[in-house]
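Residue numbers (our numbering): 56 to 208.
The beta carbon of each residue, even a glycine, is placed where N, CA and C say it ideally should be.
In structure tokens:
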């Protein structure tokens, strides 16, 4: 049963299209997560991000910053590598849904007014990756091949 779950998690028939989607989305997410966790790229780090999250009602702020930053940073790196692509994409899709509904909703559509545009684009891309998977050019595919070899021995 466990091997069936692992197979379903890492199996993907996608090709280059998965890489074309995974890598830039992973870079964007990892960079945003780095801002939240480590104050990289002009970010505010956990304390500053946590204070901001608490100010918009996402409490406890520090914990929410840690969860969002962790999902974005580590999930983004996982997407770049194609490692556990579906779970990483799912966690980030949920994170983007919360951002869209809690933070950006009510600010219009476009990015210049902090509207839903950007969060919606990231939500769409990560949701697509939940269904597409890592594809043939991913660590998921390498792991699946190694598991198949081990079963055959």
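Near the ligand MN: residue i beta-carbon under 7 Å from a heavy atom
i           : result
residue 202 : The ligand MN is absent from the structure shown, which contains no ligand whatsoever.
Through-space distance from residue j to residue i, alpha-carbon basis
i           : j           : result
residue 189 : residue 202 : 16 Å
residue 129 : residue 159 : 23 Å
residue 194 : residue 139 : 8 Å
residue 133 : residue 85  : 9 Å
residue 156 : residue 162 : 10 Å
residue 131 : residue 183 : 15 Å
Proximity winner among the options, relative to residue i (alpha-carbon distances)
i           : options              : result
residue 185 : 67, 92 and 58        : 67
residue 147 : 81, 70, 58 and 75    : 81
residue 65  : 107, 136 and 208     : 136
residue 76  : 198, 187 and 205     : 187
residue 179 : 101, 145, 97 and 199 : 145
residue 61  : 207, 90 and 196      : 196
residue 177 : 79, 69 and 101       : 79
residue 153 : 112, 101 and 90      : 112
Proximity of residue i and residue j at Cβ, strictly below 8 Å
i           : j           : result
residue 116 : residue 109 : yes
residue 173 : residue 74  : no
residue 104 : residue 126 : no
residue 96  : residue 88  : no
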